[in-house]
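**Student:** Residue numbers (the numbering used here), protein chains in the order written: chain S, 1 to 347; chain B, 1001 to 1347.
The C-beta atom is built at its ideal place from N, Cα and C for all residues, glycine as well.
Computed from a predicted model, the values in this text were never measured in an experiment.
Let me begin by handing over the structure; questions about it come next.
Number of protein chains: 2
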Amino acid sequence: MDMAQSMAQTDTDLKVQSTHSPLESLTTLLHEDMEHVNATILQDMHSDVPLIPQLAGYLIASGGKRIRPLLTLATSRLLNTDMEHAYTLAAAVEFIHTATLLHDDVVDESTERRGQTAANLVFGNQETVLVGDFLFSRAFQLMVRTNNFDVLRILSETSSIIAEGEVLQLQYQRSLSIDWSIYKKIIGAKTASLFSAACEVSGALAQDEESQKALKAYGYNLGMAFQITDDTLDYDAKQAELGKSLGDDFREGKITAPILFALEDSTEEEKIFWERTLVQHIIQEGDLEQATALMHKYDALKRSKDLAEHYAQKAKKSLEKIEKNCLNKDILRRLQDLPFSLVSRLF
Amino acid sequence: MDMAQSMAQTDTDLKVQSTHSPLESLTTLLHEDMEHVNATILQDMHSDVPLIPQLAGYLIASGGKRIRPLLTLATSRLLNTDMEHAYTLAAAVEFIHTATLLHDDVVDESTERRGQTAANLVFGNQETVLVGDFLFSRAFQLMVRTNNFDVLRILSETSSIIAEGEVLQLQYQRSLSIDWSIYKKIIGAKTASLFSAACEVSGALAQDEESQKALKAYGYNLGMAFQITDDTLDYDAKQAELGKSLGDDFREGKITAPILFALEDSTEEEKIFWERTLVQHIIQEGDLEQATALMHKYDALKRSKDLAEHYAQKAKKSLEKIEKNCLNKDILRRLQDLPFSLVSRLF
Chain S
1 MDMAQSMAQT DTDLKVQSTH SPLESLTTLL HEDMEHVNAT ILQDMHSDVP
51 LIPQLAGYLI ASGGKRIRPL LTLATSRLLN TDMEHAYTLA AAVEFIHTAT
101 LLHDDVVDES TERRGQTAAN LVFGNQETVL VGDFLFSRAF QLMVRTNNFD
151 VLRILSETSS IIAEGEVLQL QYQRSLSIDW SIYKKIIGAK TASLFSAACE
201 VSGALAQDEE SQKALKAYGY NLGMAFQITD DTLDYDAKQA ELGKSLGDDF
251 REGKITAPIL FALEDSTEEE KIFWERTLVQ HIIQEGDLEQ ATALMHKYDA
301 LKRSKDLAEH YAQKAKKSLE KIEKNCLNKD ILRRLQDLPF SLVSRLF
Chain B
1001 MDMAQSMAQT DTDLKVQSTH SPLESLTTLL HEDMEHVNAT ILQDMHSDVP
1051 LIPQLAGYLI ASGGKRIRPL LTLATSRLLN TDMEHAYTLA AAVEFIHTAT
1101 LLHDDVVDES TERRGQTAAN LVFGNQETVL VGDFLFSRAF QLMVRTNNFD
1151 VLRILSETSS IIAEGEVLQL QYQRSLSIDW SIYKKIIGAK TASLFSAACE
1201 VSGALAQDEE SQKALKAYGY NLGMAFQITD DTLDYDAKQA ELGKSLGDDF
1251 REGKITAPIL FALEDSTEEE KIFWERTLVQ HIIQEGDLEQ ATALMHKYDA
1301 LKRSKDLAEH YAQKAKKSLE KIEKNCLNKD ILRRLQDLPF SLVSRLF
């Protein structure tokens, strides 16, 4: 980085006040990089078949947090690697994520996503499946442009793992036989693996094996913290105050960390309640309140938060190995704080 | 090839009598190669999630013709290239094909595929979409193993094109505004592109640019001949004699070559018939007979066959450029005859 750039960065940095979350300040710091990624996304979701950019754009423009491409950008800046390739990979990662969301919405028969009507209801299930396939293929076309086999190996394996996680989740939906190891396997596969890959590819671009390993572990643990937090938010009263709906997972029979904690020491009577609501899917008025009361009884939300924090600690620790040689301390600090900040969305 | 191998091959060759179709004799000639491909398929559809190999295997084992992987094997033998990589790519091509069939079955709400209940009805739509995603990702993992960027470029682009073709077909279902250029674009994208890629990758493996170009054109024209023949078979009385159901495309409102020929010069009254059956989807008893009568009136089946033969000619001609230097005349001859043999399934 030359002096002018360095100063510009310090200048931007001053504007990023301490009240901002690391996610917000990373977004501000990497604003220009993200513009490049957005340009790639826009250009590469184009097709002669107009419905494709229309449907893909409907979801992509709907204001997701872009956290996965942001991780690719931040970790690439951290290692001072080729940013052109980082832009391409950040777009590929977002395409993979969008493709899985589109297929998820069809699979879950979603009605809403990011506060708007789900794409499958607007454009049709068939169209949504096929545009997902298109984005997925396009992601691989993007990756090929980097001329880096490690990158291709990482992201093609990750895509397989995501699909495996989704199938596993489907198989354990409405089943009390799910346990901690299966829950962790599911969220590890469907969420943490792409967080992990989004970070690891920067190490592969930099051809720096030690950093690659560290970033892989960082992304994985960050993803676990993120998903456990998300699963806990679904029962967090603070969210209801913010106008968000609670208990979506409960109604879909998805058994996540808070329920697993409440289930662990449950009485026979309580087990019958969970069996009726989650497995038999007979949900009556007051059942969500009963579920959250049981979580309260077993301190399930607090214990879920502790579990998320455990992964946040592991994420931070993963970065230790690249701390010494790291040239970009600003970004490093924010990446260290990011997992805790994600968890802090909870009560 | 050493003498022993060469003799073994001649020996196999003698068993392949002239009454066999080129497809059958290629299958016999490349029997051992295909065993390697089948082993790769079996090994790489494995997953710790048992439903995945179960569902994927249900379709893969159901006895498709394996024509696409066979093309990769035949063209790789033709160019005398690395067969280990050819096996890997043949399996990848079959995975891509299987993934699109699984998604097709969900999209078309199919009830039957290859004479058995469609996978979506046996395993569920959600499972079928996700296992399709898995196979698709696994295909890319396989390709990466070849360490060949041309191969990755060809197959990732082809996957995008297939998805585009599927979306286009969906948009023109039940619409008389479809014309020849759109029909050709659809079948070119959803069928001919993968035939083309299955052949082209052998040229990429051999790093022989001229052969690669020739094989790309060969596969494309072969795929067009194949699909037009398939679309025509749907109305071919000879098929009914073989116990196959007729008129599936008619009932689904898919407008293919035979209908396009019948539509071209249709009277106002006939247009009303097509509008009612295909667009409004009001199908009464005797309508399929009326549709085939109109095809007869306009010689639509014969003209469809001629169109398929036109592409068969082009396919054969595409091979001229590699004829001179070709070491494997046996396979060359069969590849030259293959397109005509596919078309000859018609009346």
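Do B:V1107 and S:H103 have their beta-carbon atoms positioned less than 8 Å apart in this structure?
**Tutor:** Not in contact: S:H103 and B:V1107 (Cβ atoms no closer than 8 Å).
**Student:** So, under 8 Å CB-CB, S:Y298 and S:F261 are touching, yes? Tell me the CB distance rounded to an integer number of Å.
**Tutor:** Between S:F261 and S:Y298 the Cβ distance is about 6 Å, and since that is below 8 Å, they are a contact.
**Student:** So which residues of chain B does S:I52 contact, with C-beta pairs closer than 7 Å?
**Tutor:** In chain order: E1164, V1167.
**Student:** Suppose the cutoff is 6 Å on Cβ atoms and the five residues either side in sequence are ignored; what does the same chain contact list for B:A1090 look like?
**Tutor:** The answer, listed in chain order, is V1037, P1069, T1072, L1073.
**Student:** Please list the terminal residues of the continuous alpha helix (DSSP H) segment that includes B:M1034.
**Tutor:** Run containing B:M1034: 1031-1044, per the alpha helix (DSSP H) assignment.
**Student:** Suppose the cutoff is 6 Å on Cβ atoms and the five residues either side in sequence are ignored; what does the same chain contact list for B:D1002 look like?
**Tutor:** Residue confidence for B:D1002 is low, a pLDDT of 40 falling below 50, so the modelled location carries little weight and cannot support an answer.
**Student:** Closer than 7 Å, Cβ to Cβ, to anything on chain S: give me those residues from the segment 1133-1155 of chain B, in chain order.
**Tutor:** For the segment 1133-1155 of chain B, which is checked against every Cβ of chain S, the residues closer than 7 Å are D1133, F1134, F1136, S1137, R1138, F1140, Q1141, V1144, N1147, F1149, L1152, R1153.
**Student:** For B:C1199 and B:K1216, which I take to be in contact (beta-carbon distance under 8 Å), what is that distance rounded to the nearest angstrom?
**Tutor:** With a Cβ gap of about 7 Å, B:C1199 and B:K1216 count as contacting.
**Student:** If the cut is a Cβ gap below 7 Å, which residues of chain S does B:H1085 touch?
**Tutor:** Those within 7 Å of B:H1085 in chain S number zero; the least Cβ separation is about 14 Å.
**Student:** Please state if the CB of B:I1041 and the CB of B:I1060 are separated by a distance shorter than 8 Å.
**Tutor:** Yes.
**Student:** Drop a sphere of 10 angstroms on the beta-carbon of S:I331, count the other beta-carbons inside from all chains shown, and report buried for 16 or more, exposed for fewer.
**Tutor:** That one is buried.
**Student:** Between B:S1193 and chain S, is the shortest Cβ-Cβ distance under 8 Å, so that the two count as touching?
**Tutor:** No, B:S1193 lies away from the interface with chain S (no Cβ there is under 8 Å from its Cβ).
**Student:** To the nearest angstrom, report how far apart S:T229 and B:H1031 are at their CA atoms.
**Tutor:** Distance between the alpha carbons of S:T229 and B:H1031: 54 Å.
**Student:** Return the first residue and the last residue of the alpha helix (DSSP H) that S:V49 is part of.
**Tutor:** Segment: none, S:V49 is in no alpha helix (DSSP H) and carries neither H nor E.
**Student:** Go to S:E270, then tell me how far its alpha helix (DSSP H) extends in each direction, as first and last residue.
**Tutor:** Note, S:E270: alpha helix (DSSP H), 268-274.
**Student:** So, is the C-beta of B:S1160 closer than 8 Å to a C-beta in chain S?
**Tutor:** Closer than 8 Å: yes.
**Student:** Quick check on DSSP: helix, strand or coil for S:E112?
**Tutor:** Strand at S:E112.
**Student:** Note down the Cα distance separating S:L79 from S:C326, rounded to an integer number of angstroms.
**Tutor:** So the two alpha carbons sit approximately 7 Å from each other.
**Student:** Do S:I178 and S:M224 have their beta-carbon atoms positioned less than 8 Å apart in this structure?
**Tutor:** The answer is no: Cβ separation not under 8 Å.
**Student:** Got a sec: is the Cβ-Cβ distance from B:V1107 to anything in chain S below 8 Å?
**Tutor:** Chain S contact via Cβ: present.
**Student:** Compare the beta carbon distance of S:Q43 and B:S1156 with 8 Å and say whether it is the shorter of the two.
**Tutor:** No. Outside cutoff.
**Student:** Once you ignore the five residues that flank S:A240 on each side, which residues in its own chain have a CB closer than 7 Å to its CB?
**Tutor:** Excluding positions up to five away in sequence, the list reads L246.
**Student:** What does a CB cutoff of less than 8 Å around S:T111 pick up in its chain, not counting 5 residues either side in sequence?
**Tutor:** Taken in chain order, the residues that qualify are T117, A118, L121.
**Student:** Do S:D337 and B:A955 have their beta-carbon atoms positioned less than 8 Å apart in this structure?
**Tutor:** Nothing about residue 955 of chain B can be read from this structure; chain B reaches only from 1001 to 1347.
**Student:** Counting only C-beta atoms, is B:M1007 closer than 8 Å to chain S at any point?
**Tutor:** Here the model assigns B:M1007 a pLDDT of 38, short of 50, so the residue's position is not dependable, and the following value carries that caveat. For B:M1007, the answer is no, since every Cβ of chain S falls outside 8 Å of its Cβ.
**Student:** Enumerate, from N- to C-terminal direction, the unbroken alpha helix (DSSP H) stretches of 4 or more residues contained entirely within the segment 1192-1256 of chain B.
**Tutor:** Counting whole runs of 4 or more residues, the segment 1192-1256 of chain B contains the alpha helix (DSSP H) stretches 1193-1205, 1209-1233, 1237-1241, 1248-1252.
**Student:** Considering only DSSP beta bridges, list what B:T952 is partnered with.
**Tutor:** The requested residue 952 of chain B does not occur in the structure, where chain B is confined to residues 1001 to 1347.
**Student:** Quick check on the DSSP output: the alpha helix (DSSP H) that includes B:H1103 runs from which residue to which?
**Tutor:** Unbroken alpha helix (DSSP H) run through B:H1103: 1083-1107.
**Student:** Quick check: is the beta carbon of B:E1157 nearer than 8 Å to any beta carbon in chain S?
**Tutor:** Closer than 8 Å: yes.
**Student:** On the premise that S:L26 lies in contact with S:R334, defined as a C-beta separation below 8 Å, what is that separation, rounded to the nearest angstrom?
**Tutor:** Indeed, because the Cβ distance is near 5 Å, the residues count as touching under 8 Å.
**Student:** Determine the direct distance from the alpha carbon of B:L1152 to that of B:K1184, and round the result to whole angstroms.
**Tutor:** Approximately 25 Å, taken between the alpha carbons.
**Student:** Quick check on this structure: which residue in B:A1291, B:G1253, B:A1308 has the alpha carbon closest to the alpha carbon of B:L1176?
**Tutor:** Here the closest residue by C-alpha is B:G1253.
**Student:** Straight-line CA distance for S:H349 to S:T292?
**Tutor:** A question about residue 349 of chain S goes unanswered here, because the residues of chain S that appear run from 1 up to 347.
**Student:** Return the residues of the segment 78-104 of chain S that lie within a Cβ-Cβ distance of less than 7 Å from chain B, sorted by chain order.
**Tutor:** Cβ contacts with chain B come from H103.
**Student:** Is it the case that the Cβ atoms of B:L1135 and B:S1341 are separated by a distance below 8 Å?
**Tutor:** It is not a contact, given that the beta carbons lie outside the stated cut-off.
**Student:** What does the Cβ neighbour count give for B:R1077, buried or exposed, with the cut at 16 atoms within 10 Å?
**Tutor:** Flag for B:R1077 reads buried.
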